[in-house]
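J.:
Numbering (our numbering), first residue to last: 51 to 470.
#1: Counting pairs of beta carbons, one from the segment 397 to 409 and one from the segment 254 to 269, are three or more of them closer than 8 Å?
#2: From the DSSP secondary-structure annotation, give me the bridge partner or partners of residue 424.
#3: If you pair each beta-carbon of the segment 402 to 420 with each one of the segment 438 to 446, do three or more pairs fall below 8 Å?
#4: Leaving aside the five residues before and after residue 271 along the sequence, list all residues of the same chain whose C-beta is less than 8 Å from its C-beta, in chain order.
#5: Below 8 Å, can you find three or more Cβ-Cβ pairs linking the segment 367 to 376 to the segment 185 to 199?
#6: Taking the DSSP output, what are the residues bridged to residue 71?
#7: Kindly give me the distance between the Cβ atoms of residue 497 and residue 224, rounded to whole angstroms, as I take these residues to be in contact under 8 Å.
#8: Are the segment 327 to 340 and the segment 355 to 365 touching by the rule of at least three beta carbon pairs closer than 8 Å?
#9: So the beta strand (DSSP E) residue 368 belongs to, where does it begin and stop?
#10: Cα separation between residue 429 and residue 203?
#11: Would residue 404 be called buried (16 or more neighbouring beta carbons within 10 Å of its own) or exposed?
#12: Distance check for residue 118 and residue 146, CA to CA, integer angstroms please.
#13: So, is residue 435 buried or exposed, given that buried needs 16 or more other C-beta atoms within 10 angstroms?
#14: From residue 315 to residue 347, what distance separates their C-alpha atoms?
#15: Starting from the C-beta of residue 229, find all residues in its chain whose C-beta is less than 8 Å away, skip the five residues before and the five after it, and write them out in chain order.
#16: Can you tell me the Cα-Cα spacing of residue 420 and residue 139, whole angstroms?
#17: Shortest alpha-carbon distance to residue 217 belongs to which of 452, 450 and 407?
#18: For the alpha helix (DSSP H) that residue 153 lies in, which residues bound it at each end?
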């Protein structure tokens, strides 16, 4: 049940890793971190084959301390790291390398592009005579690089694509939720998880919607509660005593609040009702033909299931559904031990990226995002019709009996989960 049979998501993920028991991973990582020199040497050569691994450890232990330090100094990348940090943290230098890269990519595209499509806006580069001395020094160093693969060639156009919406981030800083369930245990793993959602114009295609970091001591429910989703912003419809309809703000969600997650053949419901989404899903599966029936078992409620009680695969899409029929897929990109330089355990889960929303513009002025959806207004020619607040104030409700047929629904404000 990781991937629906009617959807082709396999090409977007993988290859999957072997099954990783999260709690066992934490224990092994802590042992290596606090282990002996022999265990440290095992870590150095852990990527080698078994035979080579033993020989490498034996050879490494025979080398004296002076030789150890010489090898470490030779393999060190601290000089490269320092140079990169200086460029990234200096706005003038970072701006120069960014514009230079954009100009190189644009030049390659203009040379390789044979169609008559509109050309991209040209990036202007400051003339050398007007450069700051620090930029001139950096440019001279980069020009002196002798690697043949350093400059981009014309063939690079085959491997370069234009930026997508999912490449951008609405957050200006990491968003903290402070939901840590075990703040007194620093020896934990961090799981880096990416949320993928179906595109509105092609449900067989997925696009990254957000990225998060969770502690191994936190639950699936803690992770689910911080995922930003359009379904959490749908206004609630309330009927008054006089049979009129009032639409509550987007802070109040409507519809089903249930959820279910499928991980490695086990489904975890939210446990909010005696019969939650996991029970309903298993009932639905039992109604399928036996040949098409996947093997699923019911797990504990998601808010009682910690990640360190699970076994997961990296780069494998796991299925999530909530709010009736809103589907997502989440992928664990990598797992590592919590480091002292990471945010404190009380800050997790974290949200590190949220893809910008594509909002509909007002269909009257076509200048600003719409905030209302108008239903049943004959003056607009179609229903629903999205408009901005100034345009709707200018039009106003129709007069007479026609006003009874018009419903004004506020569009979601996208406040929950999107703001820092």
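Using N, Cα and C, we set each Cβ at its ideal position, and we do this for glycine too.
T.: A quick look at the data gives this:
#1: Cβ pair count under 8 Å is three or more, so yes.
#2: Its beta-bridge partners are 435 and 458.
#3: Counting C-beta pairs closer than 8 Å gives three or more between the segment 402 to 420 and the segment 438 to 446, which meets the contact rule.
#4: Sequence-distant Cβ neighbours of residue 271 in its own chain, meaning closer than 8 Å and more than five residues away, are 320, 351, 352, 353, 354 and 355.
#5: A contact between stretches requires three or more CB pairs, one per stretch, nearer than 8 Å, and the segment 367 to 376 fails this requirement with the segment 185 to 199.
#6: Residue 71 is bridged by DSSP to 361.
#7: No answer is possible for residue 497: the residues shown for the chain start at 51 and end at 470.
#8: The segment 327 to 340 makes no contact with the segment 355 to 365: fewer than 3 CB pairs, one atom from each, lie closer than 8 Å.
#9: Following the DSSP letters along the chain, one finds residue 368 inside the beta strand (DSSP E) bounded by residues 367 to 372.
#10: Answer to the nearest angstrom: the Cα atoms are 57 Å apart.
#11: Its Cβ being crowded by 16 or more others within 10 Å, residue 404 is buried.
#12: Residue 146 and residue 118 have their C-alpha atoms some 39 Å from each other.
#13: So residue 435 counts as buried.
#14: Between the C-alpha atoms of residue 315 and residue 347 there is a straight-line separation of about 6 Å.
#15: The beta carbon of residue 229 lies closer than 8 Å to those of 268, 272, 275, 276, 398 and 399 in the same chain, with the five residues before and after it left out.
#16: Taking the straight line from one Cα to the other gives about 38 Å.
#17: Taking each of 452, 450 and 407 in turn and checking the Cα distance to residue 217, the smallest one comes out for 407.
#18: Residues 141 to 162.
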